[in-house]
Amino acid sequence: MKVTIKYFGMIAETANKTEEVLDVAQGLWAMELKDMQIKKYGIPDPEAVQLAINRDLISEVELKEGDEVAFLPPFAGG
Amino acid sequence: MKVTIKYFGMIAETANKTEEVLDVAQGLWAMELKDMQIKKYGIPDPEAVQLAINRDLISEVELKEGDEVAFLPPFAGG
Amino acid sequence: MDKKKPKKVFVQGAIAPEKIAQSIASHQSKTNIGAHSIFLGQIRADEVEGKTVSAIDYSAYEEMAENVFHEIREVAFSKFDITCAHIYHSLGRVNTGELCLFVFTSSAHRKIAIEACNYFVEEIKSKVPIFGKEIFEDETHQWKMNK
Amino acid sequence: MDKKKPKKVFVQGAIAPEKIAQSIASHQSKTNIGAHSIFLGQIRADEVEGKTVSAIDYSAYEEMAENVFHEIREVAFSKFDITCAHIYHSLGRVNTGELCLFVFTSSAHRKIAIEACNYFVEEIKSKVPIFGKEIFEDETHQWKMNK
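As you go down the protein sequences, you meet chains A, B, C and D in turn. Everything in the first sequence is counted per this note's numbering, starting at 26 for the first residue and increasing by one. Everything in the second sequence is counted per this note's numbering, starting at 26 for the first residue and increasing by one. Everything in the third sequence is counted per this note's numbering, starting at 42 for the first residue and increasing by one. Everything in the fourth sequence is counted per this note's numbering, starting at 42 for the first residue and increasing by one.
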């Protein structure tokens, strides 16, 4: 199944991309995807990376076809 | 001895003046002057009236020649 | 340095929004500032026994008020690590919807700017000899007092 | 009513002081307001290992950020008796001394306006997916993070 991944800030810089569509195994958990991508791109400080699934800050969830998964570095607004 | 008295806000309205110079007895206390003027002009709510002597909020003091005594109603700034 | 300058606090009539923009703009060269906190007092059209306030006419014991403003500044600069602070208060008639108080504090960090701004507002309300005559639409009035 | 309107928060580049004056002026017809509280974030020329910040380049997960701003507004209006609230945040490059955040709350009473303003600022800092690249004078950079 296909999921869209978005990268922001320092993570986008490290991955050298802001978005990609991946074909992943049915039943993959968000946290598993996080681990995969962190290893793949060598994203530093993984504990500071938060996931948003379809624009909600959650990561303990099984992914579904068409989900939008965002990799968010620490916030810096204001 | 002469002291200058200033009236503000509601008190000036009640006394119908903003300033007067009074010749008072040597050794008069500020609180005594307050009582005198409150009686004289019928100033309402005397407990809410604060005195400033030479621009300092004090009233437990013996007056001296040339003092400036201000009768201040409740503050309403801001 | 900023705190040493004698400051004129009172302005005649309402405080214009443009004055606030100018104050803000004049701080853009101070690049050690990270946060500004601003408080504005605006005249409310309060209803009292069926009559509506249309303006407040402010007066003050000006010489004493300027001293008190100065003391409040001195204490604020000793309590809070602010880079600057500005206060303006109206005298004379200010109509409903217009601004009568402008407090503006700046600091490297937000919490300091915010706390200092609150400190100024509370101190001004309780310690400065300013008096307000609430004028109703029929030109009768009552005297305002801070709670 | 004011809280129901969808609000555009992000603005491209720095927030101009004139925008703040316009926001203030547009509230002078609301005569139930007695107090405004404003917070402004300004870019500091911080020094990091001998290099000086000259700008922050802001980016955001915009679709999510707009949702979060909306939720923060909803909660704020349920917690605080404010008449209105406005938030603007920069995207793109904002130079030192320029403004990147403008939070503006209004209420009949000062304490409510002030508390609501603080609430917005803290919520925005901690919950909104905005990212900041601190650009040094030599065009190298580091990524900012809120504490």
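For every residue, glycine included, the Cβ atom is placed at its ideal position computed from N, Cα and C.
Quick one: what does DSSP say residue i is sitting in, helix, strand or coil?
i, result
"residue 143/C", "strand"
"residue 133/D", "strand"
"residue 63/D", "helix"
"residue 31/C", "For chain C, the structure presents residues 42 to 188; residue 31/C sits outside this window and is missing."
"residue 29/A", "strand"
"residue 68/B", "coil"
"residue 94/A", "strand"
"residue 88/A", "coil"
"residue 126/D", "strand"
"residue 48/B", "strand"
"residue 100/B", "coil"
"residue 44/D", "Model confidence at residue 44/D stands at a pLDDT of 48, short of 50, so the residue's coordinates are unreliable; what they give is reported in the following sentence. Here residue 44/D sits in coil by DSSP."
"residue 177/D", "strand"
"residue 57/D", "coil"
"residue 83/A", "coil"
"residue 53/A", "coil"
"residue 172/D", "strand"
"residue 185/C", "strand"
"residue 77/B", "strand"
"residue 149/C", "coil"
"residue 166/C", "helix"
"residue 159/C", "helix"
"residue 42/A", "coil"
So is residue i in contact with chain A if we call contact Cβ pairs under 8 Å?
i, result
"residue 173/D", "yes"
"residue 140/D", "no"
"residue 95/D", "no"
"residue 67/D", "no"
"residue 100/D", "yes"
Give the C-beta separation of residue i and residue j to the nearest angstrom, bearing in mind that I take them to be a contact with Cβ-Cβ under 8 Å.
i, j, result
"residue 146/C", "residue 78/C", "5 Å"
"residue 97/C", "residue 188/C", "Contact flag wrong, Cβ pair sits at about 15 Å."
"residue 169/D", "residue 96/A", "The pair is not a contact, with the Cβ atoms about 16 Å apart (cut-off 8 Å)."
"residue 124/C", "residue 71/C", "6 Å"
"residue 161/C", "residue 117/C", "6 Å"
"residue 75/C", "residue 126/C", "Not quite, the Cβ-Cβ distance comes to about 15 Å (not below 8 Å), so this is no contact."
"residue 92/A", "residue 78/A", "6 Å"
"residue 66/C", "residue 171/C", "The pair is not a contact, with the Cβ atoms about 28 Å apart (cut-off 8 Å)."
Once you ignore the five residues that flank residue i on each side, which residues in its own chain have a CB closer than 7 Å to its CB?
i, result
"residue 156/D", "121"
"residue 52/A", "87"
"residue 34/B", "98"
"residue 135/C", "54, 55, 84, 96, 97, 99 and 141"
"residue 183/C", "89 and 175"
"residue 153/C", "121, 122 and 123"
"residue 164/D", "113"
"residue 93/D", "86, 177 and 178"
"residue 133/C", "53, 54, 98 and 99"
"residue 82/A", "75"
Answer with yes or no whether the minimum CB distance from residue i to chain C is below 8 Å.
i, result
"residue 80/D", "yes"
"residue 167/D", "no"
"residue 91/B", "no"
"residue 187/D", "no"
"residue 70/D", "yes"
"residue 95/B", "yes"
"residue 71/B", "no"
"residue 134/D", "no"
"residue 42/B", "no"
"residue 83/D", "yes"
So with Cβ pairs under 8 Å, would you call residue i a contact of chain F?
i, result
"residue 170/C", "Given the protein chain composition of this structure (A, B, C and D), no chain F is represented."
Tell me, please, whether the CB atom of residue i is closer than 8 Å to any CB atom in chain D?
i, result
"residue 59/C", "yes"
"residue 35/A", "yes"
"residue 77/C", "yes"
"residue 43/C", "In this predicted model, residue 43/C has a pLDDT of only 49, less than 50, meaning its place in the structure is not dependable enough to derive any value."
"residue 151/C", "yes"
Is residue i near the ligand FAD, judged by its Cβ being under 7 Å from some heavy atom?
i, result
"residue 31/B", "Absence of the ligand FAD from the depicted structure is noted, as is the absence of any ligand whatsoever, leaving it without description."
Contact criterion: CB-CB distance below 8 Å. Does residue i meet it with respect to chain B?
i, result
"residue 160/C", "no"
"residue 130/C", "yes"
"residue 108/C", "yes"
"residue 53/C", "no"
"residue 115/C", "no"
Enumerate in chain order the residues of its own chain whose CB-to-CB distance from residue i is below 8 Å, with the five nearest sequence positions on each side excluded.
i, result
"residue 42/A", "32"
"residue 48/A", "26 and 27"
"residue 138/D", "83, 84 and 86"
"residue 73/C", "124 and 149"
Skipping 5 residues on each side, what residues in its chain have a beta carbon closer than 6 Å to that of residue i?
i, result
"residue 44/A", "31"
"residue 85/B", "none"
"residue 185/D", "173 and 175"
"residue 40/A", "32 and 66"
For this session: Counting only runs of 3+ residues fully inside the stretch 59-115 of chain C, write out the beta strand (DSSP E) ranges in chain order.
Result: 76-83 and 92-101
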